[in-house]
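Chemist: The structure under discussion is supplied below as C-alpha cells; questions concerning it will follow.
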Amino acid sequence: MSQRAAKLSLIAAAYSAAELLAEPGIGPTRALEIATWLKQQGWTFRSSTSHAADVRTGQDETASE
Numbered sequence: 010m011s012q013r014a015a016k017l018s019l020i021a022a023a024y025s026a027a028e029l030l031a032e033p034g035i036g037p038t039r040a041l042e043i044a045t046w047l048k049q050q051g052w053t054f055r056s057s058t059s060h061a062a063d064v065r066t067g068q069d070e071t072a073s074e
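Residue numbers (the working numbering): 10 to 74.
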C-alpha cells in the first residue's frame, strides 16, 4: 500500500460511520463505498462510542466487549 493510501485509511478510520455521514457530500452509498475500501485495507470505522485516538486496524473496539 502506498504511503498516501495508508494515511487516507487512517484518516477515514478516525471517523465513526455517523460522523462520516454528517460530512457534506457523503451519503449512504458513498459511506458504504468507503467502508468497503477500508475493509480491503484492513481497517474499519471507529465505533461511535470510542475516541479518534483509539483507532485500531482491522477491529472495532466494541466487538470485544
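Glycine is no exception: its CB is placed at the ideal position from the N, C-alpha and C atoms.
Rank Lys16, Ser11, Ala15, Ala21 by C-alpha distance to the C-alpha of Phe54 and give the top, closest one.
Modeler: Ala21
Chemist: Comparing alpha-carbon positions, which option in Leu47, Ser56, Ser57 lies nearest Ser18?
Modeler: Leu47
Chemist: Nearest to Leu41 by CA position, among Ala14, Ala15, Ala26, Gln12, is which residue?
Modeler: Ala26
Chemist: Return the CA-CA distance between Thr38 and Leu29, expressed in angstroms with no decimal places.
Modeler: Straight across, the Cα-Cα distance linking Thr38 with Leu29 is about 12 Å.
Chemist: Specify the secondary structure class of Ile43 as computed by DSSP and reduced to three states.
Modeler: helix
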